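Engineer: Provided herewith is a single structure, encoded as structure tokens, for subsequent inquiry.
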Amino acid sequence: MLLQLNNIFKWVNSGGQRIFLLKDINLQVEEGEFISIMGPSGSGKSTLLNVIGMLDTFDEGTYDFLHESVHSLKEKHRANLYKEYIGFVFQSYHLLDDLTVKENLEMPLLYKKFKGSERKAIVADMLDRFNIVGKKDLFPTQLSGGQQQLVGVARALIANPKLILADEPTGNLNSQQSEEIMELFKKLNEEDGVTIIQVTHSEQNAAYGSRIINLLDGRKVEI
Amino acid sequence: MLKNYLKIAWRNLLRNKSFSVLNIVGLSIGLAVTALILIWINFEVGVDQFHEKKDRIYEVYNEYPIDGEIWTWNSTPKIMGPTIKKDYPEVEGVSRYNYDDTFLFSVDEKRIKSTGTIVDPDFLNMFSFPLIEGNIKTVLEDVNSVVITETFAKKLFGDQPAVGKVVKIDNTDSFKVTGILKDLPNNTGFNFEFLMPWAYLKQKGWNDENWGNNSIATYVLLKGGTDYKAFSEKIKALRKTYDKDSPDMVTFLYPWSRYWLYSEFENGKEIGGRIDLIRLFGIIAAIILIIACINFMNLSTARSEKRAKEVGIRKVIGAEKGSLVGQFLGESILISFIAAVLALLIVLVALPPFKTLVGKPLSLDVMNFWFWLTACGVILFTGMLAGSYPALYLSGFKPSAVLKGTFKKMKSPVTPRKVLVILQFSAAIILITASIIVTQQMKKVQDRQSGYSKNNLIYTMMEGDMEKNYTLIKEELLTTGIAESVTKTNSPITATWSNTWGFEWKGKSEDNMTLVHRFIVDDAITKTMGLELIAGRDFDLKAYPTDSTAAIVNESMVALMNIKEPIGQTIKDNGIEWRIVGVVKDFIMNSPFQKVEPMVIEGAQAWFNVIHIKFNKEAATAKSLAMTEAVFRKYNAEYPFNYEFVDQVYAKKFDSEKRTGKLVSLFTLLTIFISCLGLFGLASYMAENRIKEIGIRKVLGASVQSITKLLSKDFLKLVMIAIVLAVPISWYLMSKWLEEFAYRINISWWTFALAGIFALMIALLTVSYQAIKAAIANPVKSLRTE
Ligand SMILES: Nc1ncnc2c1ncn2[C@@H]1O[C@H](COP(=O)(O)OP(=O)(O)OP(=O)(O)O)[C@@H](O)[C@H]1O
Ligand SMILES: [Mg+2]
């Protein structure tokens, strides 16, 4: 088992009122799963993904990740855990505009304190794998959206995470580009055994996954 | 990692050119000003600190209560030194110092005037003025020996060896050069080209053992390990044994290494000295540097909204807070490094004019290890100071919030950024009012009537045969029509050299110890100086031969004597009854910043040092000068003719205050400039941030005017608060400053109004440029890019 959420609540206080963003979420994810989260806009999909990705905190409940209790971990420890096992892909790519493709890929390795020679090898390998060697010295603004997202996925993968979290990874792409990305995810999942959780609005994309979780007003619902 | 940081930092600098330029220029000016002031402070603090035995050297001071206040001064009787050496075994050496003496040196046909002094042989053992040639033990042993500096030796003998040669001094005595001194360094308060032994003074009969004649400095070197406190107690009552006239006068040893920076006394306590000015400018330097750093912080945090996304991404891909703080600090250190390089260039260019401005022989020693250490320290410090706030602020962003786009800039009423702007402008306003007040004060004193006519008036020191031939010289100057009037005096009209509380007059109370100045003249004083007589008459030796024991007093003296009819009264001084024949209006001989003190002008029955000549106003000055020189050549052939224009000497009295004024104005301008740079940057970010709002407002029909107003309002509010803060502070500080001057302006409210309006105008100009630019931009464009 990769991770398990039990009775997760998250809320914000606004004008003396408690607004729930997540309500009583229970979720168990095994290694090698490919899960899609769906639901109407504002239903809490991104919030849930951020909680899983440890970018956001929650107010009640327990969260175990690889048998560690995330809720009781120190900030530093949690960051390490996250650095080690999780990669993120965003709808708007979120590449660093001041860095070239190659440097963008190298960044996570730098933060993980890989050696220079190792970094070079891994980055070269990744460029190769994603077929973007020719673009390695370009800046993100010089790439198309699909290419940028490709780099985004490559960056999420570069440090060999167990879990990829993708928040509407194809939201800004046309259908052909999104198909490419989804095929890539499928390949990663099947061949490399990477666990993937994606948020999506498209039934078609959701079909790539093995399981769908539906959210409504912060609550898990069955359809 | 470091390489990566540097790369990003560098790209960021290039990408945001205007931001980078604002930041770097502001910071480099701040650094350069700080560096210049530090160079100056470093110089002042180092003066006479190179003497190896400085911590054991003391100067003999006296203390005496006069009018209920303790007076402290450092001139001593000539007998003081030998007495101390004889009586106290703790003393290793003693040297008297006869202040500056100017003599005429002649070698063959060469005649050179030079300033030096007469000292005891111990002098060279006490102070670290090394000899290049000669034996330190014996150079000043012989009566007719003289030690000269390297440069002076060159002037006298060219490249010939000087030691062993004979020079004639004042055309009378022959001296043998026994030693060559290394030229005095820049950073010493001493100023001599030659040293002569005290024995010469004795030989000439200039020595005396009179305890009442306090006229020279005495330096004492204590043996190592002497307990200074205990010794002070011992020496305190020295005069009880020897000085019959003032046995209660306290003798004390002042640590000589403190003389340059401190040595000003008030009521028996050391109250400061040069250190005050140094502190003032030290504070100004700190303020300017802080303002420059504040800009940096402000601009960086203002820009942080743009960099929030970057922070979020970095956190998501695994950056820890520490490495982000490191990155942003690294960037600001890079900026401060670039600024420091620029500042170094500015310093190199600005040092010569700055040297002239402060009037000190400053230099930048780029080969010095400490220079580089300080430079690195300053770069790191300003980089950290300026970068710490943005670094912590930025690295604290929560990635989920930032990336979701719900990140909002702070909107609390008191943000640190606002506080910083207020501080900045408060400092600027304080400096503006200071400049105005200093300028007003200078003008007031410069406009003050000196009470005598400085035009066409010169003076020359009495030298060589002038004394002997005075009557002939005067005759010739007057009969040839060169001069309207000639008067010899004991001191130039621009300073009194003699004062006493020993004048006696009818009705003077026993305990009246007011100091009265003594000015000694031979004849026609009011005519030569153009003094204004308000009663009686001028001295006129031809008509009244008894005028040699007559006196003229000034108004303040009449007030002190408290008499209705001064003419005909007598005043006793030096055993002579001086009969008052005239009263003149007060005139300024000493500081124009202080009130005129009581003065008695005594007639010809005394000694003279100076000749004043009032030129015929019909003739051209150059011609009169040439003719005068010819006359002096004739009657005083051995000496070159040297003279001073009185108006020029008088103008020098303002030098130090003028200098302070100029420096304050300069620093004010720089402060305003740096503050405006910052404000300009902030305003441009604000305009950028609100570009969408402005666009919408315009589409809804807002006028350019109303938008400019909307954008400028917030900043002007901050400046208003700064004014409210600054006015009382600057009122207090400037009142304190003015207290030093007896003759001073009253601070008026409009000074502050003016400074406030000025600050507002400048802020308005700076901000409105950005505001107008934003307001007239095409709204369609700005809305589309959002
Ligand atoms: N800091 C916050 N304060 C108040 N409400 C918040 C906050 N963050 C999120 N919300 C609310 O929580 C709800 C869920 O937001 P979330 O971003 O998870 O939605 P989503 O399902 O990802 O929607 P979309 O499909 O549009 O991306 C929304 O209604 C949002 O308004
Ligand atoms: Mg979402």
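Which chain is which? The protein sequence lines are Y and A, in order.
Heads up: the first sequence runs through residues 44 to 266, numbered per the numbering used here.
Heads up: the second sequence runs through residues 37 to 822, numbered per the numbering used here.
Yeah, the Cβ is synthetic: ideal placement off N, Cα and C, and Gly gets one too.
Quick caveat, the model's predicted, so the values are computed rather than measured.
1. Using the Cβ count rule (16 or more neighbours within 10 Å means buried), how would you classify A45 (chain A)?
2. For Q191 (chain Y) and Y136 (chain Y), which I take to be in contact (beta-carbon distance under 8 Å), what is that distance rounded to the nearest angstrom?
3. If you compare alpha carbons, which of Y:G177, Y:E74 and Y:L142 is closest to Q47 (chain Y)?
4. Specify whether the stretch 496-505 of chain A and the stretch 652-663 of chain A touch according to this definition: at least 3 beta carbon pairs, one from each stretch, less than 8 Å apart.
5. Thinking C-alpha only, which one of Y:L142, Y:I95 and Y:E103 is nearest G125 (chain Y)?
6. Which chain Y residues are close to P426 (chain A), counting only those with a beta carbon under 8 Å from its beta carbon?
7. How about G824 (chain A) and I624 (chain A): are their beta carbons less than 8 Å apart?
8. Tell me which same chain residues have a C-beta within less than 6 Å of the C-beta of K126 (chain A), skipping the five on either side of it?
9. Restricting to runs no shorter than 4 residues, where is the alpha helix (DSSP H) found entirely within the stretch 135-183 of chain A?
10. By Cβ distance, which residues of its chain are closer than 7 Å to M333 (chain A), with the 5 residues on each side in sequence left out?
11. Report the neighbours of D99 (chain Y) on chain A: residues whose CB is nearer than 7 Å to its CB, in chain order.
12. Just jot down, in chain order, the residues whose CB lies closer than 5 Å to any heavy atom of ligand 1.
13. Does the stretch 149-160 of chain A come into contact with the stretch 227-237 of chain A, if we say contact requires no fewer than three beta-carbon pairs (one atom in each stretch) closer than 8 Å?
14. In the DSSP assignment, find the unbroken alpha helix (DSSP H) run with S766 (chain A) in it and report its ends.
15. Ends of the beta strand (DSSP E) at H648 (chain A)?
16. Would you mind working out which of A:G604, A:A463, A:T696 and A:E613 sits nearest A764 (chain A), comparing C-alpha positions?
17. Can you pull the chain A residues whose beta carbon is under 8 Å from the beta carbon of R172 (chain Y), in chain order?
18. Which same chain residues, not among the five before or five after F390 (chain A), have their C-beta less than 6 Å away from its C-beta?
19. Taking only three categories from DSSP, how would you classify V83 (chain A)?
20. Buried or exposed for Q196 (chain A), going by 16 or more other Cβ atoms inside 10 Å?
21. Please confirm whether any heavy atom of ligand 2 lies closer than 7 Å to the CB of V242 (chain Y).
22. Pull the bridge partners of A253 (chain A) from the DSSP assignment, please.
23. Per DSSP, which one or two residues make a beta bridge with G423 (chain A)?
24. How about F139 (chain A) and S131 (chain A): do their beta carbons lie closer than 8 Å?
25. List the residues of chain Y whose Cβ lies closer than 7 Å to the Cβ of E356 (chain A), in chain order.
26. To the nearest angstrom, how far is it from the Cα of M97 (chain Y) to the Cα of A202 (chain Y)?
27. Thinking C-alpha only, which one of A:I168, A:Y100 and A:V203 is nearest D144 (chain A)?
28. Where does R172 (chain Y) sit, in a helix, a strand or coil, going by DSSP?
29. Taking just the CA atoms, how far does F777 (chain A) sit from I783 (chain A)?
30. For W785 (chain A), count the other beta carbons within 10 Å of its own beta carbon; 16 or more makes it buried, fewer makes it exposed. Which is it?
31. So the beta strand (DSSP E) E300 (chain A) belongs to, where does it begin and stop?
32. Does the stretch 409-419 of chain A come into contact with the stretch 43-62 of chain A, if we say contact requires no fewer than three beta-carbon pairs (one atom in each stretch) closer than 8 Å?
33. In whole angstroms, what is the alpha-carbon distance linking L112 (chain A) and E306 (chain A)?
34. What separation, rounded to the nearest whole angstrom, lies between the Cα atoms of C712 (chain A) and T392 (chain A)?
35. Are the stretch 205-224 of chain A and the stretch 74-94 of chain A touching, with three or more C-beta to C-beta distances below 8 Å?
36. Taking its Cβ as the centre, do 16 or more other Cβ atoms sit within 10 Å of V267 (chain Y), making it buried, or is it exposed?
Structural biologist: In terms of the structure at hand:
1. buried
2. 4 Å
3. It is Y:E74 whose Cα lies nearest to the Cα of Q47 (chain Y).
4. no
5. Note on identity: in this sequence residue 125 (chain Y) is Tyr, with Gly being the wrong assignment. Closest by alpha carbon: Y:I95.
6. Simply none; closest approach about 17 Å.
7. Because chain A here runs from 37 to 822, residue 824 (chain A) falls outside it and cannot be looked at.
8. The sequence shown places Glu at residue 126 (chain A), not Lys. Closer than 6 Å at Cβ, skipping near neighbours: L258, K259, T262 and F267.
9. 159-162
10. Taken in chain order, the residues that qualify are A422, Y425, P426 and L456.
11. In chain order, S436 make up the part of chain A whose C-beta sits under 7 Å from the C-beta of D99 (chain Y).
12. Y:V55, Y:L64, Y:S84, Y:G85, Y:S86, Y:G87, Y:K88, Y:S89 and Y:T90
13. yes
14. V740 to L774
15. Secondary structure note for H648 (chain A): its beta strand (DSSP E) is the uninterrupted segment V646 to F651.
16. According to the sequence as given, residue 764 (chain A) is Pro; it is not Ala. Measuring from the Cα of P764 (chain A), the nearest candidate turns out to be A:A463.
17. In chain order: nothing, as chain A lies at least about 18 Å away.
18. In the same chain as F390 (chain A), and ignoring 5 residues on each side of it, the C-beta atoms closer than 6 Å to its own belong to L72, in chain order.
19. coil
20. exposed
21. yes
22. A:Y133
23. Answer by DSSP bridge pairing: none, since G423 (chain A) is not bridged.
24. no
25. A122
26. 17 Å
27. Comparing Cα positions, the closest option is A:V203.
28. The answer is helix: DSSP assigns R172 (chain Y) an H, G or I state.
29. One C-alpha to the other measures close to 13 Å.
30. exposed
31. E300 to E302
32. no
33. Sequence inspection shows Thr at residue 112 (chain A); the Leu mentioned does not correspond to that position. Computed Cα separation, rounded: 19 Å.
34. 28 Å
35. yes
36. Beyond the ends of chain Y as shown, which are 44 and 266, falls residue 267 (chain Y); an answer cannot be given.
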